[in-house]
Amino acid sequence: MSNHDQIKTTAMDYSKNRPPAENPVKVVDLSLRDGHQSLFATRGRTEDMIPVAEKMDEVGFWAVETWGGATFDAMHRFLNEDPWERIRTLKRYITKTPFSMLLRAQNLVGYRNYADDVARAFVERSAANGIDIFRTFDALNDYRNFETVASVIKECGKHFQGCICYSMTEPRIGGEVYNIEYYVRKAKELEAMGAETICIKDMAGLVAPYDAYEIVKALKAAVKPPIHFHSHFTSGMSPMSHLKAIEAGVDIVDTCMSPYAYRTSHAAVEPLVMTLLGTNRDTGFDIQQLAEINEILERKVLPKYKHLLDDSKVSIIDINVLLHQTPGGMLSNLVNQLREMDALHKIDEVYKELPKVRKELGQIPLVTPTSQIVGIQTVNNVLFDDKDERYKMITDQVKDLCYGLYGQTAIPIDPEVQKKALKGYPRGEDPITCRPAEVLEPELDQAKKDTEGLAQDLDDVITYALYPITGKRFLKWKYGKEDPPPEVKPRTLEEIEAENELIKLAKLGLLVRKPEKKAPPKTDALRTFNVFVDDEYFEVGVEEPGGSPVISYVQQLPVQAQASAPAPVSAPAPVTPAPAPVKSKPAKPAPPEPESSKPAAPATPAPSPVAAGVEGAPLKAPMPGMIVRYLKQVGDAVSKGDTVVILEAMKMENALPAPAGGTVKAINFSIGDSVAKDDVLCVIG
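The structure is reproduced here in structure tokens:
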């Protein structure tokens, strides 16, 4: 045996057989939830977690985070998977390590506060299906939103972990709002509520190492429950902050397996294990065991998802997060939203406007759903405001925030913004001061009625209650009422590898071979068309054998970004022009979706075009999104400014007003349809 092999063997033996530490730091693995949520849009499928599940159960993690956050939304919407089934399936493989989930307090796993009856049922069913630890947070740190869920967690005999969402208004911790005293006060509130552990939840990677030391020291001195530290890697500081938090006595930290770590995810577990090796905080983990898990993830799992990784940046850190404090996933989706609206050149204006909007809306922490609330309103302000008026298009969620439906903000909301947002607000123009859920009517019984004949159990009903449009669509897929579209079906590693090979050949110019066929002579029937593919332009000749082609109709096609459907053109009998080959580039995948955001819903079939002869004022989509509902139907009278349709864009709902008074003459889309910017949603004449 060589000296090198002897040294390696000795190191491995020591790693396996070292004595236990006096005060080992506990570790939660986030790979199966926050890891893939942060890096590849929450698209990790259950089938790709099973190969490592049993091995992860042997590591010795304090808990494995398997659920919550955006997983419920992404699974039923994009993966055609039942979220409840994931817990039950993984429980069969991970039998010793507790399961943790991220619970958005009264928001549950959605983007608004749900009624108490839905909140109670959700927590009960989550516990029954296998969740052991409920990591509970509220985007405003308003713990009145904990009251219902925390009581049910305890009734179910499960672990209630209370979170403090970390935020700042200064470059470092301090200032009038988010200072040490603020975090100590919040920790004491959680202790009084019976939290068994208290988590510092740093969703954007803002905690500097020495601030981590100070805040952990202060909390350890002020409260009795163990302190848990959660910090995303986005800014690059989290490994250093982990170490300083450990020096300050933190009890639990969050990490990911290295293939699922870094960028907007979390620090990797393996360097931490080696850093603490032999110290009084040694994790006790076997580094060889971790390496075996990583090998499976690298070779058999991650190749399926690499197309979802954001490869536009070389650096794995984003130092700009320290300037705008927006979680990485939310920022990437803001960029994508601007790109789809042909407004990416306004990104600097968005950066400039964002802190203004955040301050005007009460200096709220930026975490789901408040990161979306602030982010989308910022985009709306940049795109639709003018020198005479700000907040011209206010999302329904900003109105709800101003009314108090999310809770109490860190500082008062700007009174002028609040007054404008609440003008004509259905619940009233005076904001509430009570616990938000106290003004919400029960929802569960209505959900049961709405799903009669479709839902088979309470889990199905809750899925619908949380997501009425996409949830009902999923239940139809689940029970064979509708066929799921191809884009939600899983693909094998072999299919991915074959696709990658085609892309490789295309880049080399070897994908298409020119056939050995003599072209016919050109005639007077030849017509020339301009074809634009992305940023490339081609001139294409089209000739119909036997005569000139006649355009007989104009029909919208079901493409990725739908165009609005124009009226058909009256013409003689249809004649289909011969197709011409067009050079194109591989489609670029949508950016990943960490906790704070999600891509647009899958494209739906094109609607029928507006009937010929329909005239009037078109109501166009100001941005890409999904139709939530039409408040007016064909034949209804409307006045200019009346809300006609609710459009969801990046989880926020926008009330679109009638551009003119008159009667609704035509409606082009249905509930749940995806639309592109400038699609004609309806016509008013």
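All residue numbers for the sequence shown refer to my numbering, where the first residue is 3 and numbers rise by one. C-beta atoms are modelled at their ideal positions from N, C-alpha and C, and glycine is treated no differently.
By DSSP, does Ala-651 sit in helix, in strand, or in coil?
strand
Within its chain, find whatever has a CB closer than 6 Å to the CB of Met-343; leave out the 5 residues flanking it on each side and keep chain order.
Met-625, Lys-679
Could you check if Thr-372 is buried or exposed, using at least 16 other CB atoms within 10 Å of its CB as the buried criterion?
buried
7 Å Cβ shell around Gln-448 - same chain, five flanking residues per side excluded:
none
Cβ separation of Ala-668 and Val-630, assumed to be a contact under 8 Å, to the nearest whole Å
So it is not a contact: roughly 19 Å between Cβ atoms.
Sort Leu-304, Lys-354, Ser-317, Val-316 by Cα distance to Thr-328 and report the nearest one.
Lys-354
If you draw a straight line from the C-alpha of Lys-219 to the C-alpha of Leu-192, how long is it?
Taking the straight line from one Cα to the other gives about 17 Å.
Where are the beta strand (DSSP E) runs, 3 residues long or more, that stay fully inside the stretch 82 to 152, in chain order?
101 to 105, 135 to 138
Use the C-beta contact count for Gln-290: other C-beta atoms within 10 angstroms, 16 or more gives buried, fewer gives exposed.
exposed
For Leu-32, three-class secondary structure by DSSP:
coil
Does Ile-686 come out as helix, strand or coil in the three-state DSSP assignment?
strand
Return the first residue and the last residue of the beta strand (DSSP E) that Asp-256 is part of.
254 to 257
Contact criterion: CB-CB distance below 7 Å. Does Arg-106 meet it with respect to chain C?
As a matter of chain content, chain C is missing from the structure shown, which is built from one protein chain.
N-terminal and C-terminal residue of the beta strand (DSSP E) that Arg-267 is part of
Per the sequence shown, residue 267 should be read as Ser rather than Arg. In the DSSP assignment, Ser-267 falls outside any beta strand (DSSP E) and carries neither an H nor an E.
Shortest alpha-carbon distance to Asn-147 belongs to which of Ile-155, Val-179, Gly-37, Arg-106?
Nearest of Ile-155, Val-179, Gly-37, Arg-106 to Asn-147, Cα basis: Arg-106.
Between which two residues does the alpha helix (DSSP H) harbouring Tyr-215 extend?
Boundaries of the alpha helix (DSSP H) around Tyr-215: 211 to 224.
Expressed to the nearest angstrom, what Euclidean distance is found between the alpha-carbon atoms of Pro-22 and His-347?
56 Å
Work out the CA separation of Val-685 and Gln-2 for me, nearest whole Å.
Given a span of 3 to 687 for the chain in the structure shown, any question on residue 2 remains unanswerable.
For Asn-383, the three-state DSSP class (helix, strand or coil):
helix
Using DSSP's beta-bridge definition, name the partner residues of Phe-231.
Ile-202, Val-255
Three-pair Cβ contact test at 8 Å for the stretch 127 to 142 versus the stretch 180 to 189
no
Start-to-end residues for the beta strand (DSSP E) that takes in Gly-664:
664 to 669
Between which residues of its own chain and Gln-163 is the CB-CB distance below 7 Å, once the five residues before and five after are set aside?
Counting only residues of its own chain and dropping the five nearest sequence neighbours on each side, Gln-163 has a CB closer than 7 Å to the CB of Ile-135, Phe-136, Arg-137, Thr-138, Ala-197, Glu-198, Thr-199, Cys-201, His-230.
Of the listed residues Tyr-427, Val-647, Ser-33, nearest to Asp-59 (C-alpha basis)
Ser-33
Per DSSP, what kind of secondary structure is Ala-76 in: helix, strand or coil?
Note: Ala-76 maps to helix in three-state DSSP.
Considering only C-alpha positions, which residue in the set Val-384, Val-337, Arg-127 is nearest to Lys-358?
For the residues Val-384, Val-337, Arg-127, the minimum Cα distance to Lys-358 belongs to Val-384.
Among the residues of its own chain, which have a CB less than 8 Å from the CB of Ala-662, if the five just before and after it don't count?
Once the five neighbours on either side are set aside, the close Cβ partners of Ala-662 are Gly-618, Ala-619, Lys-642, Ile-686.
Integer Cβ distance of Tyr-466 from Lys-474, believed to fall under 8 Å:
Contact check for Tyr-466 and Lys-474: beta-carbon distance about 6 Å, within the 8 Å limit, so the pair qualifies.
Given a threshold of 16 other Cβ atoms within 10 Å of its Cβ, counted over all protein chains shown, does Ser-128 qualify as buried or as exposed?
Per the 10 Å Cβ criterion, buried.
Closest to Glu-56 by C-alpha separation, out of Lys-93, Gly-280, Trp-69, Glu-24, would be which residue?
Lys-93
For Ala-117, collect the residues of the same chain with a Cβ closer than 7 Å to its Cβ; drop the 5 residues on either side in sequence, then sort them by chain order.
Spatial neighbours of Ala-117 in its own chain (CB-CB distance under 7 Å, excluding positions within 5 residues in sequence) are listed in chain order as Ala-439, Leu-442, Glu-443, Pro-444, Glu-445.
Apart from the five residues just before and just after Leu-495, which ones in its own chain have a Cβ nearer than 7 Å to its Cβ?
Closer than 7 Å at the Cβ level, and outside the excluded window around Leu-495, lie Lys-302, Pro-305, Lys-306.
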